Amino acid sequence: MPRPVASVSPDGKWGLSINFARIFWFRGGYGYACAPDPFTDLCPADDGVFLMNMETGESELVLSAQTMRELAKEYLTEEEYHTHKYVVNHITFNTDGSRFVVLFRCKSTDPKRKGWKTLTFTANRDGSEPYLLLNIMGSHYSWRDPSHILFFANPFDCPTRGFYLFEDKTHNYIEYHPMQEGDGHCNYSPDRKFFLNDTYYRNGYRKLYLHDVEKDKSVELAVLRSENPLYLDDVDMRCDLHARFSPDGSFITFDSVHEGSRQIYRIDMEDIPLP
């Protein structure tokens, strides 16, 4: 294919492409090393989200970085708007391929300043009807259906970070209460009755949970020895658990280094004591 593909629509006909060379400047573990970024300015008008036909390879820019910055201008400081560099990071189609979600992030060009700001947009597959879903913090997510998405985030009117189910194109949401504290990678089961969740490194370990959506209760699946990313030159060079269900929902797989090398592990659902 002429472009890298970050997400494929459920019917396999469409791909979403982003600038992985630019991502490497932003987060070394997520982009293409040594690939030149053709758009070195802070917020290019010709870069952003591209839609590609997976049969023909034809593509077009459907949502530019500059457009997203303008849509979020009222939530940016003068410094963020004029001097920070912007990047399109995680992007995923919804469950029927009609819309997508994208994390649009800005980072100071000053190497002494750490961290970034995340603006979360959804849009139609062709880039029309963009909507600013989150204006402060949005991290990991999983689409429940075409119009609802689970997020670890700060809602517009809520100072507390947590796991919330948002209705697309609105600021309506409900909160879930997983067993864990803090951010994690969430992933729905095929029947949407459960979602998996993991933790980042804490006190030498990472943990894996299964959350029952209807009961709003969790069960701990694993406690796994892990590397300390603070000892690494780049905290993005790490092994998160990234748990996911099989297509039929009968088992779970996850990545881990607890036995000394990066491997993929499996847990059968029939072996899990459900909450």
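In the numbering used here, the protein residues as written are 51 to 325. Note that CB positions come from ideal geometry on N, CA and C, so glycine has one too. It should be emphasised that the depicted structure is a prediction, and the values quoted were computed from it without experimental measurement.
For Leu-169, the uninterrupted beta strand (DSSP E) segment begins and ends at 167-174. Of the candidates Lys-123, Phe-74, Val-138 and Gly-78, the residue whose Cα lies closest to the Cα of Asp-96 is Val-138. Here Leu-274 has Tyr-255, Arg-256, Lys-257, Leu-258, Leu-291, Ser-306 and His-308 as same chain residues with Cβ atoms under 8 Å from its own Cβ, once five neighbours each way along the sequence are excluded.
Residue pairing by DSSP puts Trp-193 in a beta bridge opposite Ile-199.
Looking at the backbone, the Cα of Lys-123 and that of Glu-130 are separated by about 9 Å. Around the Cβ of Gly-107, a 10 Å sphere holds fewer than 16 other Cβ atoms; the residue is exposed.
Under DSSP, Glu-270 shares a beta bridge with Tyr-259. Per DSSP, the unbroken beta strand (DSSP E) holding Glu-225 starts and ends at 223-226. Contact between Leu-92 and Tyr-136 holds, with the beta-carbon distance rounding to 6 Å and staying under 8 Å. By the neighbour-count definition (other C-beta atoms within 10 Å, threshold 16), Asn-204 is a buried residue.
Within the same chain, Cβ atoms closer than 6 Å to the Cβ of Ile-186 are found at Asn-204, the five residues on either side in sequence being excluded. In the three-state DSSP reduction, Phe-70 falls in the helix class (H, G or I). If you ignore the 5 residues before and after Arg-211, its C-beta comes within less than 6 Å of the C-beta of Asn-204, all in its own chain and listed in chain order.
One thing to note: Pro-196 has its Cβ within 7 Å of the Cβ of Asp-146. In the DSSP assignment, Leu-215 is bridged to Leu-200 and Ile-224. Between the stretch 173-180 and the stretch 229-236 there are fewer than three C-beta pairs closer than 8 Å, too few to call the two in contact. Taking 7 Å as the cut-off, the beta carbon of Phe-213 is found closer than this to the beta carbon of Phe-202. Close CB contacts of Thr-142 within its chain, under the 6 Å cut and outside five residues either way in sequence, are with Ser-57 and Val-151 (chain order). Checking the DSSP bridge columns, you'll see Phe-304 partnered with Tyr-315. DSSP places Tyr-250 outside both helix and strand once states are collapsed to three, so it counts as coil.
The alpha carbon of Pro-325 has as its nearest neighbour, out of Cys-289, Met-287, Ile-314 and Val-269, the alpha carbon of Val-269. Looking only at Ala-272, Ser-311 and Arg-294, the smallest Cα-Cα distance to Pro-323 is reached by Ala-272. The beta carbon of Asn-69 sits closer than 6 Å to the beta carbons of Asp-97 from its chain, once the five residues preceding and following it are set aside; these are given in chain order. Where Glu-120 is concerned, the enclosing alpha helix (DSSP H) starts and stops at 115-121. In chain order, Gly-81, Asp-87, Lys-135 and Val-137 place their CB closer than 8 Å to the CB of Trp-75, counting only its own chain and leaving out the 5 sequence neighbours on each side.
Judged by DSSP secondary structure, Thr-142 falls outside any alpha helix (DSSP H) and instead within the beta strand (DSSP E) spanning 135-143.
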